[in-house]
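Below: the structure, in structure tokens.
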Amino acid sequence: MELIADFQLHSKYARAVSKYMDLREIERWAALKGIHLVVTGDWQHPKYFPEIVESLEEVNSGVFKIKGSDLGVNFILGTEISSIYKQGGKVRKVHNLIFSPSISTCEKIIDALLKKGANLSADGRPIIGISSKNLLEMLLEIDENIMLIPAHIWTPWFGLLGSKSGFDSIEECFEDLSPYIYAIETGLSSDPRMNWQIKEFEHRSILSFSDAHSGPKMGREATVLIMNNELRIDNKNRIPTYSDIIGAFKMDRNSMLEVGYTIEFFPEEGKYHTSGHRNCNIKYSSEDLKRYGETCPVCKKTLTIGVENRLSELSYKHISDQELSFRSNEVGLTFISDKGNTKKPYVSMIQLQEILIEVYKSKAKALREYDRLVLGFATEFDILLRKSYQEIESFGGERLAQAIQIVRERKAYIEPGYDGVFGKIEIFPKDKGLF
Ligand SMILES: [Zn+2]
Ligand SMILES: [Zn+2]
């Protein structure tokens with residue numbers, strides 16, 4: 000049994016989010032995509048919280064579903080908070096995910112935030128003046144089962160280790176509370192292989208979620224939970240509890256679940272992978288940065304330093320291809336781990352709508368075909384990760400099967416993203432004479 004989890008997304012109460020993003024919309028897209036576990040997002044928002052309390056029923060401790068629904072999608076109470084504060088003489092901006100074990104714990108957190116003067120109604124992802132460390136301290140005092148996970152840890156703005164307003168280490172940010180940071184979320188612009196080069200991450204879970212602002216973006220990155228081997232027989236078919244999920248992230252050997260693998264963007268597709276200035280049309284690779292420096296030749300200001308470069312600055316070793324294992328499963332999907340299999344593996348994927356746009360070269364046609372496939376054939380993740388090429392070809396055509404094969408075999412070309420511009424995918428690069 001595999002449970003696909005996406006624990007970072009936003010509701011319509013957060014800025015720049017689709018007006019359709021309510022619990023039903025989140026559930027509907029999770030079902031189409033084959034995501035089993037999602038978060039509510041934004042539960043501290045004063046308009047959204049009553050909707051959550053009203054619409055959800057608890058199916059196992061800390062795990063909920065929409066009342067009367069049988070789509071098989073379960074929710075946990077998860078949100079994201081933006082802390083903007085001064086520490087060590089610098090302005091810091093850090094986004095943290097917060098998971099709560101119960102509605103009553105959410106109420107206590109909301110009370111505590113309001114007492115500290117937080118404005119919770121302005122935005123579903125509120126900005127508070129409380130430091131990440133003080134926030135964590137406050138949460139642990141309320142309930143030690145609350146979990147805080149730094150989000151998109153490398154993004155230049157708002158990432159804990161980001162180049163613009165982050166720290167140089169988890170330790171620098173959380174000081175003596177660092178041991179309570181059990182996991183990190185890596186964001187779209189980095190993948191586990193890059194993160195295995197960071198010493199501080201070696202005993203922490205490396206997780207990936209979508210940070211979706213609309214249904215179609217859900218699951219663009221996700222974490223797959225599997226049954227803990229030793230416990231497999233007793234627990235078959237039980238809906239997990241909040242503790243089972245958090246236990247997996249804490250790498251607790253007694254938890255029913257463990258992290259099986261993560262589903263990742265090709266990091267080049269992320270919008271902060273490499274460095275540059277989009278308005279000045281300047282894009283620098285790590286080598287360019289070394290050669291030409293960090294000043295923009297057009298506007299003379301400092302470039303937005305991408306994740307690739309920031310990560311290599313903070314890494315303690317370089318992992319080469321020779322140290323990795325690339326394993327192809329029975330449907331040709333490539334799993335990457337280290338040679339000794341000590342790391343949780345990952346797969347890199349491109350969203351089905353993006354693949355279809357490459358196949359049809361027409362967005363309208365691609366979206367129609369997407370609906371036909373996920374409504375009539377299989378969930379998006381079944382198509383991307385599990386269906387054989389023959390099955391895909393018989394339902395979706397030869398070119399789609401070819402495209403998915405190229406992605407599963409990691410042969411798609413991606414022009415790297417930079418300074419807020421997403422990378423550009425080319426599955427069938429004509430100019431390279433491949434197809
Ligand atoms: Zn964020
Ligand atoms: Zn510039």
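Under numbering that gives the first Met the number 0, the first residue of the sequence shown carries the number 0, and numbering increases by one thereafter.
Every residue, glycine too, gets a C-beta built ideally from N, C-alpha and C.
Around the beta carbon of lysine 270, a 10 Å sphere encloses 16 or more other beta carbons of the protein chains shown; the residue is thus reported as buried.
If you draw a 10 Å sphere on the C-beta of tyrosine 369, you find 16 or more other C-beta atoms in it, and that means buried.
Looking at the DSSP output, alanine 211 sits in a beta bridge with Leu8. Taking a 10 Å sphere around the C-beta of glutamate 312, we find fewer than 16 other C-beta atoms and assign the residue as exposed. In this structure valine 297 is exposed. Its beta-carbon is surrounded by fewer than 16 other beta-carbon atoms within 10 angstroms. Taking proline 344 as the centre and dropping the five residues before and after it, the same chain places the C-beta of Tyr260, Phe334, Ile335 and Ser336 closer than 7 Å to its C-beta, in chain order. Between threonine 222 and phenylalanine 208, the beta carbon gap of about 7 Å places them in contact (Cβ cut-off 8 Å).
If you look at glutamine 404, you'll find it in the alpha helix (DSSP H) that goes 397 to 407. By the criterion of a C-beta distance shorter than 6 Å, serine 162 is surrounded in its chain by Pro155, Ile304 and Arg309, once the five residues flanking it on both sides are discounted. For methionine 226, the enclosing beta strand (DSSP E) has its first and last residue at 221 to 226.
In this structure, the alpha-carbon of glutamate 56 lies about 14 Å from that of tyrosine 241. Take the alpha-carbon of aspartate 41 and the one of serine 130: they are about 19 Å apart.
When rounded, the separation of the alpha-carbon atoms in isoleucine 318 and proline 191 is 11 Å.
Relative to the non-hydrogen atoms of ligand 2, the Cβ of isoleucine 281 comes within a distance shorter than 7 Å of at least one. For isoleucine 382, there is no enclosing alpha helix (DSSP H), since its DSSP letter is neither H nor E. The secondary-structure analysis by DSSP pairs glutamate 57 across a beta bridge with Phe63.
The C-beta of glutamate 53 has fewer than 16 other C-beta atoms within 10 Å across all chains shown, which makes the residue exposed. Residue environment analysis places glutamine 321 among the exposed positions, since fewer than 16 neighbouring C-beta atoms fall within 10 angstroms of its C-beta. Of the candidates Lys386, Ile108 and Ile244, the residue whose Cα lies closest to the Cα of methionine 255 is Ile244.
At the C-beta level, alanine 182 and serine 204 come within 8 Å of one another. Not one heavy atom of ligand 2 falls within 7 Å of the beta-carbon of lysine 316. Sequence-distant Cβ neighbours of asparagine 59 in its own chain, meaning closer than 6 Å and more than five residues away, are Ile238 and Thr240.
When distances are taken from the beta-carbon of lysine 300 to the heavy atoms of ligand 2, the shortest one is below 7 Å. For glutamate 143, no beta strand (DSSP E) segment is defined, and its DSSP state is neither H nor E. Burial is judged here by how many other beta carbons sit within 10 angstroms of a residue's own beta carbon; aspartate 418 has at least 16 and is buried.
Fewer than three pairs of CB atoms, one per stretch, sit closer than 8 Å, so the region 105 to 116 makes no contact with the region 173 to 182.
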